[in-house]
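Taken in sequence, the protein lines are chains A and B.
Quick note: the first sequence uses our numbering, first residue 1, plus one each step.
Quick note: the second sequence uses our numbering, first residue 489, plus one each step.
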Amino acid sequence: MQANHALNYDYSVAKCFTYATILFGIIGMLIGVVIAYQMAFPDLNYLAGEYGTFGRLRPLHTSGVIFGFLLSGIFATWYYVGQRVLKVSMAESPFLMIVGRLHFWIYMITILAAVVTLFMGIGTSKEYAELEWPLDIAVVVLWVLWGISIFGLIGIRREKTLYISMWYYIATFLGVAMLYLFNNMEVPTYFVAGMGKWYHSVSMYAGTNDAMVQWWYGHNAVAFVFTVPIIAMIYYFLPKESGQPVFSYKLSLLSFWGLMFVYLWAGGHHLLYSTVPDWVQTMGSIFSIILILPSWGSAINMLLTMKGQWGQLKENPLIKFMIFASTFYMLSTLEGPIQAIKSVNALAHFTDWIPGHVHDGTLGWVGFMTMAALYHMAPRMYKRELYSKKLMESQFWIQTTGIVMYFSSMWIAGITQGMMWRATDQYGNLAYSFIDTVTVLIPYYALRATGGLLYLIGFFMFAYNLYKTMTVSKAIEREPQNASPMAA
Amino acid sequence: MNMETIRELQAYGYIFFTIFLAVILYSYLYHLYKAEKKGTRNYEQYSNIALHDNLDDAPVESRTPSNKEKE
Ligand code: HEM
């Protein structure tokens with residue numbers, strides 16, 4: 001039952017999403033570096049009128065990296081990995097080709113509209129769910145198109161069993177669909193009450209309920225956008241690049257169900273000591289601690305996949321990116337549960353320790369894995385070897401230094417801040433006023449911003465390396481089986 | 489219902505769910521190993537789906553012939 005030899009995998013949609021990943025990565029991370037420097041040097045807020053203020057730019061940064069950079073990275077890898085593990089080419093179905101292209105273009109229009117509206121200051125004020133209702137509808141459309149593409153491809157597959165990465169992609173699709181719909185239930189004020197502009201809306205939930213739905217969403221956005229699809233990537237790209245079978249496929253299945261079950265209950269840890277019911281908080285805490293197990297289950301599975309093959313870590317920068325990604329995943333999934341312990345959260349909440357935690361995960365785990373995936377895909381999609389190994393090595397070290405500067409400065413800043421807020425004199429009066437903490441933290445903010453700048457520089461190196469790979473690198477005749485070919 | 493009763497019920501619920509979930513988890517593990525022992529499945533070979541993923545590689549497990557196979 002051999003497939004037709006003239007038939008090839010069709011990467012046209014994957015390529016489009018690759019360009020989008022690079023474009024939105026640059027936009028999102030650039031804005032991130034700007035707002036980081038604004039915290040160290042507040043005068044930078046006034047460079048571009050209302051459009052340059054921290055308040056305007058912050059949601060642009062988060063939406064830019066999450067829904068711009070990362071989502072297009074996820075889609076790019078899906079349109080690559082999906083075909084390969086199902087052993088079916090998109091080209092076999094003209095319908096799926098149309099769906100894929102439509103998916104890309106609607107996605108592009110939606111995200112560009114998101115950038116414009118957020119710059120204009122139009123938003124719902126719900127963290128990570130800032131887009132107004134017309135754009136939410138566009139998001140639903142593009143998500144449904146992605147679903148058609150997933151299940152359509154599954155429908156015509158040759159490989160009977162769905163590889164573990166497929167499970168994770170499907171979970172991403174279903175998880176986000178459910179979360180997004182429920183959290184973005186909103187009332188368009190103009191049409192219902194004649195108030196505001198036509199695009200304005202308010203949440204359908206109020207008060208504490210709104211907070212609970214928001215963090216059920218917010219936390220699981222971390223789960224189903226920052227974690228689940230990245231695990232999908234690493235389960236494909238690390239074995240493939242190293243030529244090693246997954247250390248234990250059974251463990252991958254067990255971790256999958258563990259993660260699915262446990263993640264959904266942990267959102268309460270974002271609302272500790274707030275007005276939500278006590279049992280919700282306790283449950284959030286407990287499930288957060290349990291969450292270490294399935295998280296480390298996947299991460300350790302990946303590290304053990306390299307058993308006896310650690311030499312590859314030295315020779316192949318892609319392996320280095322992926323192993324570091326996995327290590328940072330372990331770091332943030334240990335740090336998160338620690339922060340979810342009630343007494344620790346009393347210190348950590350609202351402080352800079354939280355963005356410290358966030359960026360271990362996003363820069364180290366999500367960013368490294370996404371870039372490694374695109375590096376692995378490039379020689380196969382463009383039939384050229386990777387342009388420069390040296391550049392990749394320097395990129396790796398520059399970015400790793402950036403991440404270390406980022407989280408170490410934020411750990412120190414956060415704990416200092418938390419301690420100062422709580423410090424009292426012998427009569428129980430607060431020992432410091434808010435501005436005291438701010439002045440103490442300024443040097444750490446400068447350090448963090450510079451760490452971010454290093455990461456951004458590394459991202460430009462990545463973009464340049466890929467651009468050169470696509471255009472001038474040496475052509476290769478046969479598709480490499482495992483290790484990606486690269487010029488010194 | 490007074491607070492004491494609520495707490496007591498919560499405690500019973502907690503014990504019940506802890507045991508129940510632990511049982512489910514271990515049954516799933518048992519199921520995985522048993523399926524392999526009986527030979528109905530060989531989970532570890534599924535790694536090859538990623539390793540041998542060229543379009544002309546033979547699938548690890550083909551879909552049954554009843555499915556229309558395009559050439
Ligand atoms: C076992 C896994 C994890 C647990 C239990 C966990 C727990 C937590 C906790 C307790 C907070 C702070 C809530 C607060 O006090 O404000 C938090 C914040 C956050 N975490 Fe994690 N975390 C985990 C893994 C991750 C990973 C892998 C990432 C990213 C890749 C991540 C991204 C975030 C983000 C973006 C926030 C900030 C939310 C906000 O805007 O306030 N987390 N997490």
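Think of the CB as a built atom: it goes at the ideal place given N, C-alpha and C, for glycine as much as any other residue.
All values reported here derive from a predicted model rather than from experimental measurement.
Legend entry - Where A488/A falls: helix, strand or coil (DSSP): Walking along the first sequence from the start, residue 488/A turns up at place 488. Secondary structure of A488/A (DSSP, three-state): coil.
Inset, instruction - Taking only beta-carbon positions, decide if R551/B is within less than 8 Å of chain A. - result: Counted from its first residue, the second sequence places residue 551/B at position 63. Yes - at least one Cβ of chain A is within 8 Å of the one on R551/B.
Inset, instruction - Would you kindly check if the distance between the Cβ of M405/A and the Cβ of G451/A is under 8 Å? - result: Within the first sequence, residue 451/A is the residue found at index 451, counting from 1. Within the first sequence, residue 405/A is the residue found at index 405, counting from 1. The answer is yes: Cβ separation under 8 Å.
Legend entry - Proximity test, Cβ basis, 8 Å: L7/A and chain B: Taking the first residue of the first sequence as 1, we reach residue 7/A at position 7. Interface residue, yes.
Legend entry - Sequence-distant residues of the same chain with beta carbon closer than 8 Å to L135/A, five excluded per side: Locating residue 135/A in the first sequence gives position 135, counting from the first residue. Closer than 8 Å at Cβ, skipping near neighbours: T110, A113, A114, T117.
Inset, instruction - Would you kindly work out how many angstroms separate the C-alpha atoms of A232/A and F54/A, rounded to a whole number? - result: Sequence index remark: in the first sequence, residue 232/A carries index 232 (1-based). Sequence index remark: in the first sequence, residue 54/A carries index 54 (1-based). Each residue's alpha carbon lies about 34 Å from the other.
Legend entry - Chain-order list of residues whose beta-carbon lies under 6 Å from that of L179/A (same chain, five-residue window excluded): For this step, residue 179/A is matched to residue 179 along the first sequence. These residues qualify, in order along the chain: Y217, N220.
Legend entry - Helix, strand or coil at P547/B according to DSSP, with G and I counted as helix: Translated into the one-based positions of the second sequence, residue 547/B becomes position 59. In the three-state reduction of the DSSP assignment, P547/B falls in the coil class.
Legend entry - Backbone CA spacing between K160/A and V81/A [nearest angstrom]: Here residue 160/A refers to the residue found at position 160 of the first sequence. Here residue 81/A refers to the residue found at position 81 of the first sequence. Answer to the nearest angstrom: the Cα atoms are 16 Å apart.
Inset, instruction - Express the C-alpha separation of I286/A and F224/A in angstroms, rounding to a whole number. - result: In the first sequence, the residue the question calls residue 224/A occupies position 224. In the first sequence, the residue the question calls residue 286/A occupies position 286. If I take the Cα positions, the gap works out to 20 Å.
Legend entry - ligand 1 heavy atom lying under 7 Å from the CB of W411/A: Looking up residue 411/A in the first sequence gives position 411. Checking the Cβ of W411/A against ligand 1 gives no.
Legend entry - Stretch-stretch touch, CB-based, cutoff 8 Å, three pairs: the segment 340-357 of chain A with the segment 43-61 of chain A: The segment 340-357 of chain A, when compared against the segment 43-61 of chain A, does not touch it at the 8 Å Cβ threshold.
Inset, instruction - Could you have a look at E477/A and say whether DSSP puts it in helix, strand or coil? - result: Along the first sequence, read from residue 1 onward, the residue named residue 477/A stands at position 477. It is coil, neither helix nor strand.
Legend entry - chain A contact for L520/B (CB, 8 Å cutoff): In the second sequence, counting from the first residue as 1, residue 520/B sits at position 32. Contact of L520/B with chain A is assigned, a C-beta pair being separated by under 8 Å.
Inset, instruction - Name, please, each residue of chain A whose Cβ falls closer than 7 Å to the Cβ of A538/B. - result: Taking the second sequence and counting its residues from 1, one reaches residue 538/B at position 50. The contacting residues are V85, Y163, Y236, P239, K240.
Inset, instruction - Jot down the residue ranges of each uninterrupted alpha helix (DSSP H) in the segment 15-83 of chain A, minimum 4 residues, whole runs only, in chain order. - result: List check, alpha helix (DSSP H) in window: 54-63.
Inset, instruction - Please say whether L142/A and I106/A have beta carbons closer to each other than 8 Å? - result: Residue mapping note: residue 106/A aligns to position 106 of the first sequence, counting from 1. Residue mapping note: residue 142/A aligns to position 142 of the first sequence, counting from 1. Yes, Cβ-Cβ distance for I106/A and L142/A is below 8 Å.
Legend entry - Pick from S72/A, M195/A, A91/A, W215/A that is closest to A129/A, judged by C-alpha positions: For this step, residue 129/A is matched to residue 129 along the first sequence. When only C-alpha atoms are compared, the closest one is W215/A.
Inset, instruction - Return yes when at least one heavy atom of ligand 1 lies under 7 Å from the C-beta of L259/A, else no. - result: If you number the first sequence from 1, residue 259/A lands on position 259. No.
Inset, instruction - Could you work out which residue in G418/A, G25/A, M369/A, T469/A is closest to P229/A when comparing CA atoms only? - result: For this step, residue 229/A is matched to residue 229 along the first sequence. Closest option to P229/A, judged by alpha-carbon separation, among G418/A, G25/A, M369/A, T469/A: M369/A.
Legend entry - CA nearest to the CA of M283/A, picked from H359/A, S295/A, L264/A: The sequence position of residue 283/A within the first sequence is 283, counting from 1. Considering only alpha carbons, the answer is L264/A.
Inset, instruction - Grab the span of the alpha helix (DSSP H) containing S535/B for me, first residue to last. - result: Stepping through the second sequence from its first residue, residue 535/B is reached at position 47. DSSP places S535/B outside any alpha helix (DSSP H), giving it a letter other than H or E.
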